[in-house]
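*Asks:* In terms of this note's numbering, the sequence shown opens at residue 1 and continues consecutively.
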Amino acid sequence: MIFTEKANAIVGQSGGPTAAINATLAGVISAAISSDKIDTLYGARNGVEGMLREDIIDLGSFFNENTDEKLRRLSATPAAALGSCRLKLPATDGAENNEKYVKLFSFFKKNNIRYFFYIGGNDSMDTVSKLSAVSGNFDWEMNFIGVPKTIDNDLDVTDHTPGYGSCAKYIATVMSEMLCDTAVYTVKAVTIVEIMGRDTGWLTASAALAGINTGAFPDYIYLPERDFEYDAFFADIEEAFKKHPNVVIAVSEGLHFADGRLVGEDTQSGAVDVFGHKYLDGTGKALELAVKEKFGCKVRSVVLNLPQRCASHIASATDISESFGVGGAAVGAALDGKSKCMMCINRNDGEEYSVSFSPAPVENVANRIKYVPADFINEKGNGVTEKCIEYMLPLVRGEAEYFTRNGLPEFITLSL
Numbered sequence: 001m002i003f004t005e006k007a008n009a010i011v012g013q014s015g016g017p018t019a020a021i022n023a024t025l026a027g028v029i030s031a032a033i034s035s036d037k038i039d040t041l042y043g044a045r046n047g048v049e050g051m052l053r054e055d056i057i058d059l060g061s062f063f064n065e066n067t068d069e070k071l072r073r074l075s076a077t078p079a080a081a082l083g084s085c086r087l088k089l090p091a092t093d094g095a096e097n098n099e100k101y102v103k104l105f106s107f108f109k110k111n112n113i114r115y116f117f118y119i120g121g122n123d124s125m126d127t128v129s130k131l132s133a134v135s136g137n138f139d140w141e142m143n144f145i146g147v148p149k150t151i152d153n154d155l156d157v158t159d160h161t162p163g164y165g166s167c168a169k170y171i172a173t174v175m176s177e178m179l180c181d182t183a184v185y186t187v188k189a190v191t192i193v194e195i196m197g198r199d200t201g202w203l204t205a206s207a208a209l210a211g212i213n214t215g216a217f218p219d220y221i222y223l224p225e226r227d228f229e230y231d232a233f234f235a236d237i238e239e240a241f242k243k244h245p246n247v248v249i250a251v252s253e254g255l256h257f258a259d260g261r262l263v264g265e266d267t268q269s270g271a272v273d274v275f276g277h278k279y280l281d282g283t284g285k286a287l288e289l290a291v292k293e294k295f296g297c298k299v300r301s302v303v304l305n306l307p308q309r310c311a312s313h314i315a316s317a318t319d320i321s322e323s324f325g326v327g328g329a330a331v332g333a334a335l336d337g338k339s340k341c342m343m344c345i346n347r348n349d350g351e352e353y354s355v356s357f358s359p360a361p362v363e364n365v366a367n368r369i370k371y372v373p374a375d376f377i378n379e380k381g382n383g384v385t386e387k388c389i390e391y392m393l394p395l396v397r398g399e400a401e402y403f404t405r406n407g408l409p410e411f412i413t414l415s416l
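If you want it as structure tokens, here you go:
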């Protein structure tokens, strides 16, 4: 809906942070505060949780001085500057009598909020979808826009997601450095690198970029899109030992057997979050123990863990630029009357890499998973194809702006 009178807007961040999520927030802020249709842009602390608590800050006031400088610093700051949450909204049936929905729409009315921007991944798009679906029950017109964010790159419709390129660049860089390190000895050894990826192997696939400049690639890459088999895994290692003594392998944390059991299941707590997702860990350790028992050689497992998603010191300039752009495009779409949608990044045709932004119905994104395509994975299921590398390579290019003082990083804090 196009609103003829000035109104307020709110933006929140949700789900796991990334090195680029604040660049998207900066894009929203930049477009919102320069619009003559938005009076005040509020930031919700901890996403929907903050809206339920009415815990908000006036972002326009904070950014009304030294705007460009502050937005540049915000774009270079890792994690979620507004704080995050993993709150799952209830089913939409009977929403008009549900306490959470009643509180939220009372809050929107009270603060004259007509524009809602939510930066997040699959579960965050579920929130946008639900609020969009029940808005007609509360006699308050609003435009709801989801803005993509996830290092997992598993959102449907969009070509790729903000945060993925920077995470992929970190993984490829660290893998390249580890390949140099492990190559110095002549003693047989296996290094297993566990990389984030619950359902999909997009991040693990990026380990294949490690040898683009050096020629030293990981020996094998295993993604959860293929069932894992120990016999094939051991055979691969035996084959690699014929070529060199030091074998380096990248694996997704979500590796599973044909019956669905996770490879690292015996080392996991079994705990789940509010969306039913198991807390994953232990895949690398399980494989380490198995290799040690089978080959008796030196073996180590390395878990890249949180640095994958917060390493802003090596962020992709392409990723930061596109993250900022999709945030601004979300504001533009809302002001043009778009709602119940998520902004997407579209890869344009042509020899030179470029992108454009467009909205897609949020119900086409929420609670869906985009897997690594079959033609991105090699026939044996232990590596990726050239087509996969061609897809990933433009996303990691460029050195993003980074601020330091005394040789150490300097970040911005939204302490209002």
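By construction, the Cβ of each residue, glycine as well, lies at the ideal position given by its N, Cα and C atoms.
Where does H244 land, buried or exposed, given buried means 16+ other C-beta within 10 angstroms?
*Replies:* The residue given as residue 244 occupies position 244 in the sequence shown. By the neighbour-count rule (16 or more Cβ atoms within 10 Å), H244 is not buried but exposed.
*Asks:* Find out if the Cβ-Cβ distance for the pair I432, L304 is shorter than 9 Å.
*Replies:* This structure does not reach residue 432, given that the chain is present from 1 up to 416, and the question cannot be answered.
*Asks:* Looking at the secondary structure, which residues open and close the alpha helix (DSSP H) in which N246 lies?
*Replies:* Here residue 246 is taken as the residue at index 246 of the sequence shown, counted from 1. First-last for N246: 246-252, but that is the beta strand (DSSP E), not the alpha helix (DSSP H).
*Asks:* Assign G350 to one of two classes, buried (16 or more other C-beta atoms within 10 Å of its C-beta) or exposed (fewer than that).
*Replies:* For the purposes of this step, residue 350 is taken as the residue at position 350 of the sequence shown. Exposed, by the Cβ-count rule.
*Asks:* Three Cβ pairs or more, each shorter than 8 Å: is that satisfied between the stretch 173-183 and the stretch 231-239?
*Replies:* Not touching, per the Cβ criterion.
*Asks:* Provide the residue span of the beta strand (DSSP E) that contains F357, from first to last.
*Replies:* As a working mapping, residue 357 is identified with position 357 in the sequence shown. Start and end: 355-361.
*Asks:* Express the C-alpha separation of N8 and E38 in angstroms, rounding to a whole number.
*Replies:* One-based indexing of the sequence shown puts residue 38 at position 38. One-based indexing of the sequence shown puts residue 8 at position 8. For the record, residue 38 in the displayed sequence is Ile; it is not Glu. I38 and N8: Cα-Cα distance of roughly 5 Å.
*Asks:* Whole angstroms are fine: how far does the CA of T4 sit from the CA of R198?
*Replies:* Walking along the sequence shown from the start, residue 198 turns up at place 198. Walking along the sequence shown from the start, residue 4 turns up at place 4. Their backbone Cα atoms lie some 44 Å apart in a straight line.
*Asks:* Of the residues E390, S61, R397, A31, which one's Cα is nearest the Cα of I320?
*Replies:* For this step, residue 320 is matched to residue 320 along the sequence shown. Looking at the Cα atoms, R397 is the closest of the given residues.
*Asks:* Whose C-beta lies closer than 7 Å to the C-beta of E399 among residues of the same chain, with five residues either side of it excluded?
*Replies:* If you number the sequence shown from 1, residue 399 lands on position 399. A317.
*Asks:* Please name the residue in K100, G120, V302 whose C-alpha comes closest to that of V362.
*Replies:* Against the sequence shown, residue 362 aligns to sequence position 362. Minimum Cα distance to V362 is reached at G120.
*Asks:* Would you check if the distance between the CB atom of I195 and the CB atom of A330 is smaller than 9 Å?
*Replies:* By 1-based counting over the sequence shown, the position of residue 195 is 195. By 1-based counting over the sequence shown, the position of residue 330 is 330. Against a cut-off of 9 Å, the Cβ pair of A330 and I195 comes out as no contact.
*Asks:* How about A133 and K340: are their beta carbons less than 9 Å apart?
*Replies:* Counting from 1 along the sequence shown, the entry for residue 133 is found at position 133. Counting from 1 along the sequence shown, the entry for residue 340 is found at position 340. Closer than 9 Å, so yes.
*Asks:* What is the DSSP secondary structure of G146, reduced to helix, strand or coil?
*Replies:* Residue mapping note: residue 146 aligns to position 146 of the sequence shown, counting from 1. The answer is strand: DSSP assigns G146 an E or B state.
*Asks:* Can you find the residues in the same chain that come closer than 8 Å, C-beta to C-beta, to L104, ignoring five residues on each side of it along the sequence?
*Replies:* For the purposes of this step, residue 104 is taken as the residue at position 104 of the sequence shown. Answer for L104: V48, M51, L52, L131, listed in chain order.
*Asks:* What are the boundary residues of the alpha helix (DSSP H) that includes Y230?
*Replies:* Along the sequence shown, one-based indexing puts residue 230 at 230. Counting along the chain, the alpha helix (DSSP H) containing Y230 begins and ends at 230-241.
*Asks:* Let's test the definition: count the other Cβ atoms within 10 Å of the Cβ of F275 and tell me whether it reaches 16, buried, or not, exposed.
*Replies:* Taking the first residue of the sequence shown as 1, we reach residue 275 at position 275. Because F275 sits at a pLDDT of 48, beneath the cut-off of 50, its placement in the model cannot be relied upon, and the following sentence gives the value as read from the coordinates. So F275 counts as exposed.
*Asks:* Below 8 Å, can you find three or more Cβ-Cβ pairs linking the stretch 249-261 to the stretch 218-231?
*Replies:* At 8 Å Cβ cutoff, the stretches touch.
*Asks:* For a quick check, are the C-beta atoms of S166 and S84 less than 9 Å apart?
*Replies:* Counted from its first residue, the sequence shown places residue 166 at position 166. Counted from its first residue, the sequence shown places residue 84 at position 84. No.
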